[in-house]
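All remarks here apply to the structure that follows.
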Amino acid sequence: MTATNSKDIDMETKMQVDESVVGSNEIDESLYSRQLYVLGHEAMKRMGASNVLVVGLKGLGVEIAKNIALAGVKSLTLYDPAPAAIADLSSQFFLHPEDVGKPRAEVTAPRVAELNAYTPVSVHKSSSLTDDLTQFDRYQVVVLTNTPLKRSNYYRHGLEDGDYVTFTELEGLEALNGADPRKVTVKGPYTFSIGDISGLGEYKRGGMFHQVKMPKFIDFKPLSVSLKDPEHLISDYAKFDRPQQLHVGFQALHGFQESQGRLPRPMNQEDATIIIGSAKAFIEKEKMEIEVDEKLIAELSYQAQGDLNPMAAFFGGLAAQEVLKAISGKFHPIKQWMYFDSLESLPAKFKRTEETCKPLNSRYDGQIAVFGKDYQDKLANINQFLVGAGAIGCEMLKNWAMIGLATGPKGKIFVTDMDSIEKSNLNRQFLFRPKDVDTEHIFDESFWNQLDGVTNALDNVDARTYVDRRCVFFRKPLLESGTLGTKCNTQVVLPHLTESYSSSQDPPEQSFPMCTLRSFPNKIEHTIAWSRELFEHYFVKPAETVNLYLTQPNYLGTTLKQGGQEKATLETILDFLVEDKPLSVEDCIKWARIQFEKKQYNNNIQQLLYNFPKDSTTSSVFTLSIYGINTTGLASDTIQKVLDNMIIPDFSPSSSVKIQADDSEPDPNAANSSSFDDSEELQSLINKLPSPKSLAGLRLSPVEFEKDDDTNHHIAFITAASNLRAENYKIELADRHKTKFIAGKIIPAIATTTALATGLVIMEFYKIVDGKDDIEQYKNGFVNLALPFFGFSEPVASPKATYKGHNGDVSIDKLWDRFEVENITLQELLDDFSKNKGLDISMLSSGVSLLYASFFPKQKLADRLKLKLSELVELISKKPIPSHQKAVIFEAEQKITNWVAPNDKSGEFKRGQSQFRNFIKKGGEFPPEKGRYHLYVSYACPWAHRTLIVRKLKGLEDIIPYTSVHWHMAEKGWRFATAEDNDAPGDNVTASPVEAHKGYTHLRDIYFQVDPEYTGRFTVPTLYDVKQGKIVSNESSEIIRMFYTEFNDIIAPEYKDVDLFPANLQKEIEATNEWTYNDINNGVYRSGFATKQEAYEKAVTQLFTSLDRVEKHLSENEGPYYYGKNITEADVRLFTTIIRFDVVYVQHFKTDIRDIRSGYPYIHKWLRNLYWNVPAFGERQPSSRISRSIIPRVTLRSTHLVLLPWDLSHLS
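Counting in the UniProt record's numbering, the sequence shown runs from 1 upward without gaps.
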């Protein structure tokens, strides 16, 4: 080859490049936006200066060419003068039947050229590749496929020791800022050394280090040497010995083709014997210590004429990525051989013989050679549903077309995708052309039962979860896959075999502390996040708030008060409707200049420097769009003229302003703002507001953030705002591309990874079509092409369980099994489960409608038992069942949980400890502030009832808002009520109004939001800190004591003197609490949930002994309360159990030795006085709620306990 000038060498990749275009090629960011965030600008520019030649255009070659064309190179040249054969059509997706007999390159090149206008595609003109090697001088990379080896042989802290870092923002050592990377020596988990820095200055403060990847030089053996001494990259560690076997086997195949002029015939034993002998001879000649796996080598011979599309997709993605690595210098190349097989995909239920695998002169001959004609016929008559037609979806459809899926008379492919096509799709999704932009494909769901399977090609968790749940319900196999840059994963979901996609959950997204974003950013990600929130603060939330005021009836009297930030909300509405409402473009310019000065970049920074001098330390223009003002003709000189005429007032920092330095510390300004309760000032603000009627027809237009439209300037605003803030803090600035990536939460994507992932999916699809039911035959995969890394594992099995039936233990699959019944009556359903399945249903529900509960009144049960299930659903839900709906889902419960541990032989109920035990106090992590905390309760729960009583007694109703969950607790615990619930009366029985909890369906969602690894119980009451997103406490006894005193500074004066835990009675109250809690509050549960006779007798005896003790105390006390004339904690804690005793515990917990009404006159008198005369005790718990308040999770009858008689002498 000719000599190359040094200036034509890329010093990072050590590769020859086309100097004529280096540094001058512009990148179409709207087309390559996703890929840019995988490779970066420099790598893309090197790719744009590279010429690539692909030799061989059968299935594998065209996959490689397609992926390179989509990725974008300076030029792509194709070489394959051989005539196209009919068998090529099984994997060469750019060939048509009429192309048979024409040179492959000539017919393929123009179709590849359509993929990317920026990648010129031509045909390499040469009669021979080996006669003149100078013909390759103009190419930076040459890819050989379907080429004999003989011809191929002509071409040839998280820091660790040795890592490299750079520095920014150092003061005193400025010479290191932006300097060349320095090598690291790790001294400990928190310290490292970069060597001698003498002469560079003296360190003062600040500084950020950034780990950088240095170029790595890798030596490859020549092909002739590596053939004899290969270095293998393991693709599947379950097949650790396969690479050596396949390496030898492929040498034998090449030798056979060289000598015979053909490849071995499908399933031909004679040819296989020759191949096995050749492999043994090669091993002996090269003196290799390998014992031939004859079965494996025979399969290699049987399949030699095969040409499988998914294999081409897998290696096409892999090889194309290696090309991109070579020309871009990005990521680690494969060193040096990699073999991959999926022999477990071969059919076991379809015969493979020389007859069934012989060529039929069809486009699917390449696949028939491997799987046989019978299997091909099965593929042709499959009904498959593809959900998503984006990058993965396009590849999947191409693969399906190549393998002949649904080409038979009974086969059909369904496709759905609700997204619109964007320009950036054209870079990765080769089926789309510019004419397709902004089209949609929408399909109905009514066909689920006719499907054989489903394949997901989605890009968001919610959609994946929905499809997954549909597949579980209809028991359809699901193939799931996803990509992220150079990473991809595949998952197989099989009915009755594996867990589903929804069985596991992703970790929560990274978030930054609020005080860091507001006042102490230290990296560009902080300023970008701040700027993204600034966009919402200016252009979205105020417009939405104003529109609520204008459209929602009585907004100020209802919604506003629930938010807890009345003054701030009123000021926002006033600003946007009156004070700052612009009438012209000039007004908008002035407003923006004032915001710059006062709110963001000048006055706030001066105030911050006043509060925190430089040497102090701490612990860890869319307003026009909102108002619809015409901006046509707005020029920069107009803006400058307005700015020049403005007078900006001087600013002096104030000593009264406090700034929060750490999220774990209380916000010094929060108490002032949140406890604001000046009704006169609030009314003054309201009086200044124009009435909604006077503004009839006016609506502001919230600006919907859109990252991909450069004409809307959204990213430009966030970039400018972020970089201005970064300059305030001496943070290295980010360009528009990095800002867009972070603010837009862009998911990196590249065609190579997509192609490889879909190839793996089809390999698993082959197994499903074969009907394999051995979970060990399936593979979930994870691949990272950048490293490169390949990991495959057996899918996780679905969870199994057993229950006691009439004939012993019955095994069930907890995910896939269910009971199916016809439209029978409720009574017939209960009888069927009891008599035939050994299950006594205590509760039956459908959606949010409770249809049956064993504790319902007799008349209600009588009315419902005779109804058919469909009639019952329509009656209770008050909605007709849609005509197209053929099934209704019911949830039947025998018991919710094991209230007695399965391994506890005592049979006693033992209440678990609460997990969150923080405390509200001044100066602490959780300071007392109005509106900061939200209380979650259940009217059904006596422990939560305590907190509602104290909240009322202490006047905290305007300080601490609350929400009650629905009284029906099911398998996932307490759930929030919905608009469809009509059986849950009471105040605040709604979905959570907390903004961060929008969309949450269960209380458990809040626990997982606070701690994704939480394993405890999801209990009420739960006191939640809205500001920090943390649970303060879920222990009722501690919550009520917080309420006693910690809010005294911000409650009305008349409530400050309410003392429920007076000093002179504290010892007596504590002593009373100890035995009333154990024997009465918890005693009713110990009685009701006991599973052994001894445990029940012990608990119920202690319960009534202690009730006798309460009765005696009250008879001797002057009253009217437990300790005299004032209500104390003892009254609160005892009341919530006694109020439920007769209506719930006597019947359902079998505590029926005596009831309160007839058996305990003094307790009854004390109870009636509290209920009727003290509003805090009576108004939150009417009898209608008490009757529902305790759900019988397990009855004594089901555990064969004998009830104690009423006339026990030792209790008299």
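We put the beta carbon where it would ideally sit given N, CA and C, even for glycine.
If you draw a straight line from the C-alpha of residue i to the C-alpha of residue j, how long is it?
i            : j            : result
residue 1014 : residue 997  : 17 angstroms
residue 209  : residue 391  : 37 angstroms
residue 264  : residue 305  : 7 angstroms
residue 1018 : residue 804  : 27 angstroms
residue 535  : residue 718  : 7 angstroms
residue 26   : residue 75   : 15 angstroms
residue 635  : residue 601  : 24 angstroms
residue 712  : residue 546  : 23 angstroms
residue 703  : residue 1029 : 27 angstroms
residue 379  : residue 405  : 5 angstroms
residue 1027 : residue 933  : 8 angstroms
residue 812  : residue 800  : 6 angstroms
residue 408  : residue 222  : 48 angstroms
residue 1044 : residue 945  : 15 angstroms
residue 271  : residue 93   : 30 angstroms
residue 493  : residue 84   : 38 angstroms
residue 522  : residue 722  : 12 angstroms
residue 292  : residue 254  : 17 angstroms
residue 1208 : residue 1096 : Bear in mind that a pLDDT of 29 at residue 1208, under 50, signals an unreliable position, so the number given afterwards is only what the model happens to contain. Their backbone Cα atoms lie some 15 angstroms apart in a straight line.
residue 214  : residue 182  : 10 angstroms
residue 936  : residue 310  : 53 angstroms
Going by beta-carbon coordinates alone, are residue i and residue j separated by less than 8 angstroms?
i            : j            : result
residue 964  : residue 994  : no
residue 410  : residue 381  : yes
residue 87   : residue 366  : yes
residue 145  : residue 249  : no
residue 1100 : residue 1151 : yes
residue 312  : residue 59   : yes
residue 1038 : residue 917  : yes
residue 870  : residue 888  : yes
residue 498  : residue 479  : no
residue 701  : residue 543  : yes
residue 757  : residue 1001 : no
residue 1163 : residue 1110 : yes
residue 752  : residue 317  : yes
Report the CB separation of residue i from residue j in whole angstroms; it is logged as a contact under 8 angstroms.
i            : j            : result
residue 1103 : residue 1083 : 4 angstroms
residue 53   : residue 77   : 5 angstroms
residue 1176 : residue 1023 : So it is not a contact: roughly 18 angstroms between Cβ atoms.
residue 715  : residue 743  : 7 angstroms
residue 827  : residue 865  : 4 angstroms
residue 731  : residue 527  : 6 angstroms
residue 326  : residue 68   : Contact doesn't hold; Cβ gap of about 11 angstroms is too wide.
residue 919  : residue 1042 : 6 angstroms
residue 452  : residue 384  : 6 angstroms
residue 161  : residue 184  : 7 angstroms
residue 43   : residue 330  : 4 angstroms
Give me whichever residues DSSP pairs with residue i in a beta bridge.
i           : result
residue 171 : 205
residue 941 : Beta-bridge pairing links residue 941 to no other residue.
residue 488 : 483, 783
residue 892 : 844
residue 448 : In DSSP, residue 448 forms no bridge with anything.
residue 282 : For residue 282, which the question treats as bridged, DSSP gives no partner whatsoever.
Would a check of beta-carbon distances place residue i closer than 8 angstroms to chain C?
i           : result
residue 811 : Any reference to chain C falls outside this structure, which holds one protein chain only.
Original post:
Would you say the segment 1070-1077 touches the segment 1052-1059, given that touching needs at least three Cβ pairs under 8 angstroms?
Top reply: Counting C-beta pairs with one atom in each stretch, the segment 1070-1077 and the segment 1052-1059 have fewer than three that are closer than 8 angstroms, which means they do not touch.
Original post:
Three or more beta-carbon pairs under 8 angstroms between the segment 220-237 and the segment 327-339, yes or no?
Top reply: These segments touch.
**OP:** Spell out a yes or no on whether the segment 639-648 and the segment 579-592 are touching, meaning 3 or more CB-CB pairs, one atom from each, closer than 8 angstroms.
**Re:** The answer is yes - the segment 579-592 touches the segment 639-648, with three or more Cβ pairs under 8 angstroms.
Original post:
Would the segment 775-792 and the segment 352-362 be scored as touching if the rule is three or more Cβ pairs under 8 angstroms?
Top reply: No, because fewer than three Cβ pairs between the segment 775-792 and the segment 352-362 fall closer than 8 angstroms, the two stretches do not touch.
Original post:
Would the segment 209-220 and the segment 237-254 be scored as touching if the rule is three or more Cβ pairs under 8 angstroms?
Top reply: Because the criterion of three Cβ pairs below 8 angstroms is not met, the segment 209-220 and the segment 237-254 do not touch.
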